[in-house]
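Chemist: Would you mind keeping the following structure in view while I ask a few things?
Protein chains: 2
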Amino acid sequence: MRTSLDCIPCFIRQALDVSRMITTDEKAVAAAMKKVMAAMANFDLSLTPPEAGQLIHRIIREEMKERDPYSKLKERSTKRALELAGRIKKTITGSKDPFETAVRFSIAGNIMDFGMRSEWDEKHIMASFEKAEREAIDSKAVEKLYLDIKNAKTVLVLGDNAGETVFDRLLIETFPGNADVFYAAKGSAVINDATADDAKQAGIDKVAKILSNGVDSSGTLLNKCSEEFMTVFNRADVVIAKGQGNFETLNEAPRRIYFLLQVKCAVIADFYGFSHGEWLVADSNKLKRSELK
Amino acid sequence: MRTSLDCIPCFIRQALDVSRMITTDEKAVAAAMKKVMAAMANFDLSLTPPEAGQLIHRIIREEMKERDPYSKLKERSTKRALELAGRIKKTITGSKDPFETAVRFSIAGNIMDFGMRSEWDEKHIMASFEKAEREAIDSKAVEKLYLDIKNAKTVLVLGDNAGETVFDRLLIETFPGNADVFYAAKGSAVINDATADDAKQAGIDKVAKILSNGVDSSGTLLNKCSEEFMTVFNRADVVIAKGQGNFETLNEAPRRIYFLLQVKCAVIADFYGFSHGEWLVADSNKLKRSELK
Chain A
1 MRTSLDCIPC FIRQALDVSR MITTDEKAVA AAMKKVMAAM ANFDLSLTPP EAGQLIHRII
61 REEMKERDPY SKLKERSTKR ALELAGRIKK TITGSKDPFE TAVRFSIAGN IMDFGMRSEW
121 DEKHIMASFE KAEREAIDSK AVEKLYLDIK NAKTVLVLGD NAGETVFDRL LIETFPGNAD
181 VFYAAKGSAV INDATADDAK QAGIDKVAKI LSNGVDSSGT LLNKCSEEFM TVFNRADVVI
241 AKGQGNFETL NEAPRRIYFL LQVKCAVIAD FYGFSHGEWL VADSNKLKRS ELK
Chain B
1 MRTSLDCIPC FIRQALDVSR MITTDEKAVA AAMKKVMAAM ANFDLSLTPP EAGQLIHRII
61 REEMKERDPY SKLKERSTKR ALELAGRIKK TITGSKDPFE TAVRFSIAGN IMDFGMRSEW
121 DEKHIMASFE KAEREAIDSK AVEKLYLDIK NAKTVLVLGD NAGETVFDRL LIETFPGNAD
181 VFYAAKGSAV INDATADDAK QAGIDKVAKI LSNGVDSSGT LLNKCSEEFM TVFNRADVVI
241 AKGQGNFETL NEAPRRIYFL LQVKCAVIAD FYGFSHGEWL VADSNKLKRS ELK
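In order, the protein sequences belong to chains A and B.
Here the numbering used here is used: position 67 in the first sequence is 67, and no number is missing along the way.
Here the numbering used here is used: position 177 in the second sequence is 177, and no number is missing along the way.
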């Protein structure tokens with residue numbers, strides 16, 4: 001999915017937010033912002049939004065010599081998610097359909113996203129978990145996903161944010177059948193996306209083989225991913241992709257993918273005719289673009 | 001007042017909004033946005049926010065060959081203001097202190113600003129007029145302004161937005177004494193600021209001599225204004241400056257100025273310790289900057 005012009009002010013704001021997370025030196029922030037704008041002035045808008053993010057966050061990290069600006073937010077997310085996990089696991093196992101309930105909490109966890117909001121907002125985050133059991137989702141798509149996993153030899157989950165990973169673990173624990181499960185993390189830090197280390201802190205290694213995709217971008221840039229990752233991606237019977245970044249980079253991928261995410265911005269909503277705020281369980285085979293842009 | 005880094009995402013969003021007001025051709029918008037970002041990458045942040053706006057809006061107007069992108073919003077503002085003026089004039093003349101009431105409605109009119117919001121929002125606009133009589137303002141400063149106007153030979157009002165001009169006219173009608181009144185408009189179109197033509201449509205010419213400042217920038221860039229304007233500016237006994245743009249460009253001007261405005265963004269609020277949303281009647285002699293940035 002190409003980068004919308006609407007992404008530009010949002011990314012510029014994101015660049016400012018992350019720079020100020022790193023330093024209070026406004027001169028250093030100004031220097032970084034100028035580099036970001038110069039780079040965005042030359043950015044090819046036919047590329048995906050995560051590629052714009054990759055460019056911008058690389059500049060900020062290099063300019064400010066800070067390897068992982070979101071590390072504190074990621075730690076806080078994982079810590080909070082682990083606190084919530086016990087109660088939520090009970091809700092899942094005690095529910096009529098544990099798999100669907102786990103899908104719901106995995107989508108609820110997608111709220112732990114610090115691209116669009118750069119500050120921890122406990123109320124906003126908790127509201128997502130509180131509505132997990134009653135939010136409208138496509139139950140038929142969930143059922144199809146369940147059957148596909150049941151019959152699969154290999155399942156690959158493409159992770160999104162740190163913290164959200166904890167709820168992905170709870171989902172993997174409800175997988176039917178005996179598939180080998182892989183969980184893909186980012187190659188290195190970008191925004192608050194989970195790296196292999198972040199995924200391990202969430203305990204993913206107990207339920208899946210953690211696989212780095214080798215890239216410092218949100219989503220999954222197939223033309224940049226490691227060979228090891230691509231082998232699993234291509235041979236997996238089921239691929240589940242979490243979050244907007246994965247949707248934006250894989251919506252036209254050459255294989256079937258189940259997307260699980262919250263639609264968090266108008267750009268992606270408009271692109272496929274989703275509603276802003278909608279909780280998606282989307283089978284890539286059934287996606288229909290609402291208008292070409 | 002220098003441009004804050006917080007102004008950057010706001011201006012980039014403003015550039016996108018105005019480009020899309022002019023055309024639905026996203027390729028043309030993309031080309032303009034890229035020029036805007038390249039220019040902002042080189043912008044000297046020690047200059048004022050209106051100078052950033054001047055640069056950006058010049059690029060958009062030139063790129064898109066559109067002399068006055070906000071003309072429809074300006075016409076709508078003046079039309080709506082003229083509709084409201086009859087009732088508001090009665091409120092003013094029937095009030096205990098018509099001058100203070102007129103000051104209040106002149107500040108209320110400052111809501112007709114399409115820099116921060118690019119779309120007409122009737123509810124938002126009307127809320128400003130509805131609270132005009134009860135909003136907290138500095139009555140002592142209003143009284144001082146009244147006495148200064150009473151004793152003045154020449155009063156200069158520096159206008160801000162089209163539409164707001166109508167309420168400035170009602171204010172001028174309550175001026176005590178016999179001063180010659182001048183009303184400064186912009187040299188040519190920038191955002192929805194009133195040009196001489198816009199001021200005339202509001203009937204300003206019936207109560208004041210309309211004076212172009214010669215510049216296509218919000219606020220008042222003294223080093224760019226026409227000689228004719230500067231003569232009046234320097235010799236006027238009282239200068240009243242409307243709106244944030246005038247505050248941002250004249251907060252350190254070498255003469256006393258009365259500022260009348262709504263504090264519409266956190267940047268200006270933080271700069272002087274104002275509250276976001278506050279209605280200001282500020283005597284420049286008494287301004288104290290809360291922190292140097």
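We put the CB at the ideal spot given by N, CA and C, even for glycine.
Confirm, please, whether the CB-CB distance from Leu261(B) to Phe247(B) is below 7 Å.
Modeler: Cβ distance < 7 Å, so Phe247(B) and Leu261(B) count as in contact.
Chemist: Are the Cβ atoms of Ala199(A) and Ile210(A) separated by less than 7 Å?
Modeler: Their beta carbons are under 7 Å apart, which means Ala199(A) touches Ile210(A) by this criterion.
Chemist: 7 Å is my cut-off, CB to CB: does Ile12(A) come that close to chain B?
Modeler: For Ile12(A), the answer is yes, since a Cβ of chain B falls inside 7 Å of its Cβ.
Chemist: Following the continuous beta strand (DSSP E) through Lys209(A), name the residue where it begins and the one where it ends.
Modeler: Segment 209 to 212, the beta strand (DSSP E) holding Lys209(A).
Chemist: In angstroms with no decimal places, state the Cα-to-Cα distance between Glu291(A) and Phe271(A).
Modeler: Confidence in Glu291(A) is poor, its pLDDT being 46 and thus under 50, which makes the residue's placement too unreliable to answer from.
Chemist: If you count every other CB in all the chains shown that lies within 10 Å of the CB of Met116(B), and 16 or more means buried, which is it?
Modeler: Classification for Met116(B): exposed.
Chemist: If you pair each beta-carbon of the stretch 20 to 33 of chain A with each one of the stretch 60 to 73 of chain A, do three or more pairs fall below 8 Å?
Modeler: Yes, since at least three Cβ pairs between the stretch 20 to 33 of chain A and the stretch 60 to 73 of chain A fall closer than 8 Å, the two stretches touch.
Chemist: I'd like to know if Met37(A) contacts chain B, where contact means its C-beta is closer than 7 Å to some C-beta of that chain.
Modeler: Taking Cβ atoms only, chain B reaches closer than 7 Å to Met37(A), which makes this a yes.
Chemist: Please name the residue or residues paired with Gln262(B) in a DSSP beta bridge.
Modeler: Gln262(B) is bridged to Trp279(B).
Chemist: In this structure, how does DSSP classify Phe43(A) when only helix, strand and coil are distinguished?
Modeler: Three-state result, Phe43(A): coil.
Chemist: Do Val215(A) and Leu222(A) have their C-beta atoms closer together than 7 Å?
Modeler: Not in contact: Val215(A) and Leu222(A) (Cβ atoms no closer than 7 Å).
Chemist: Does the separation of the CB atoms of Ala28(A) and Thr154(A) fall below 7 Å?
Modeler: Cβ atoms of Ala28(A) and Thr154(A): not closer than 7 Å.
Chemist: State buried or exposed for Asp44(A), treating a residue as buried only when at least 16 other CB atoms are found within 10 Å of its CB.
Modeler: With fewer than 16 Cβ atoms within 10 Å of its Cβ, Asp44(A) is classed as exposed.
Chemist: Let me know if His57(B) comes out buried or exposed under the rule of 16 or more other beta-carbons within 10 Å of its beta-carbon.
Modeler: With 16 or more Cβ atoms within 10 Å of its Cβ, His57(B) is classed as buried.
Chemist: Considering only residues of the same chain and omitting the five flanking positions on each side of Leu73(A), which have a CB-CB separation below 6 Å?
Modeler: If we look at Leu73(A) and ignore the five residues flanking it on each side, its Cβ neighbours are Phe114, Asn192.
Chemist: Would the stretch 99 to 111 of chain B and the stretch 127 to 146 of chain B be scored as touching if the rule is three or more Cβ pairs under 8 Å?
Modeler: A contact exists between the stretch 99 to 111 of chain B and the stretch 127 to 146 of chain B.
Chemist: For the putative contact between Ala85(A) and Val166(A), defined by C-beta atoms under 8 Å, what is the C-beta separation to the nearest angstrom?
Modeler: About 5 Å separates the two Cβ atoms, so the contact holds.
Chemist: What separation, rounded to the nearest whole angstrom, lies between the Cα atoms of Thr91(B) and Ala194(B)?
Modeler: Distance between the alpha carbons of Thr91(B) and Ala194(B) is about 25 Å.
Chemist: Please state whether DSSP places Thr154(B) in a helix, a strand or coil.
Modeler: The answer is strand: DSSP assigns Thr154(B) an E or B state.
Chemist: Could you check the C-alpha separation between Ile172(B) and Gly273(B) for me, to the nearest Å?
Modeler: Distance between the alpha carbons of Ile172(B) and Gly273(B) is about 29 Å.
Chemist: Determine whether the Cβ of Leu55(A) lies closer than 7 Å to any Cβ atom of chain B.
Modeler: So no, Leu55(A) is outside the interface.
Chemist: Taking Cβ-Cβ distances shorter than 7 Å, what residues in chain A pair up with Val281(B)?
Modeler: Those do not exist, as Val281(B) stays about 30 Å from chain A at its closest Cβ, beyond 7 Å.
Chemist: Of all the CB atoms in chain A, is at least one closer than 7 Å to the CB of Leu47(B)?
Modeler: No, Leu47(B) lies away from the interface with chain A (no Cβ there is under 7 Å from its Cβ).
Chemist: Does the Cβ of Ser325(B) have 16 or more other Cβ atoms within 10 Å, making it buried, or fewer, making it exposed?
Modeler: Lying outside 1 to 293, the shown extent of chain B, residue 325(B) is not represented and no answer is given.
Chemist: For Leu16(A), which residues in chain E fall below 8 Å Cβ to Cβ?
Modeler: Here chain E cannot be found, since the structure's protein chains are A and B.
Chemist: In whole angstroms, give me the CA-to-CA distance for Leu55(A) and Ala15(A).
Modeler: For Leu55(A) and Ala15(A), the distance between alpha carbons rounds to 11 Å.
Chemist: Excluding the 5 residues flanking Ser4(A) on each side, which residues of the same chain have their C-beta closer than 6 Å to its C-beta?
Modeler: The answer, listed in chain order, is Val267.
Chemist: My assumption, with CB atoms under 8 Å, is that Leu250(B) sits in contact with Val263(B). Please give the rounded CB distance.
Modeler: No, Leu250(B) and Val263(B) are not in contact; Cβ-Cβ is about 15 Å, not under 8 Å.
Chemist: Please state whether DSSP places Lys288(B) in a helix, a strand or coil.
Modeler: Here Lys288(B) sits in coil by DSSP.
Chemist: Should Glu228(B) be labelled buried (16 or more other beta-carbon atoms within 10 Å of its own) or exposed?
Modeler: Looking at its Cβ environment, which holds fewer than 16 other Cβ atoms inside 10 Å, Glu228(B) is exposed.
Chemist: According to a CB-to-CB cut-off of less than 9 Å, which residues of the stretch 92 to 108 of chain A neighbour chain B?
Modeler: So nothing in the stretch comes that close.
Chemist: Name, please, each residue of chain A whose Cβ falls closer than 7 Å to the Cβ of Ala41(B).
Modeler: Within 7 Å Cβ-Cβ: Lys34, Met37, Ala38, Ala41.
Chemist: Is it the case that the CB of Ser77(A) approaches a heavy atom of the ligand COA more closely than 6 Å?
Modeler: Summarising the ligand content, the structure contains no ligands, and the ligand COA is consequently not present.
Chemist: According to the Cβ coordinates, are Met112(B) and Asn161(B) closer than 7 Å?
Modeler: Cβ atoms of Met112(B) and Asn161(B): closer than 7 Å.
Chemist: Have a look at Asn178(A) and Gly159(A) and give me their C-alpha separation to the nearest angstrom.
Modeler: Using only the alpha carbons, I get a separation of about 20 Å.
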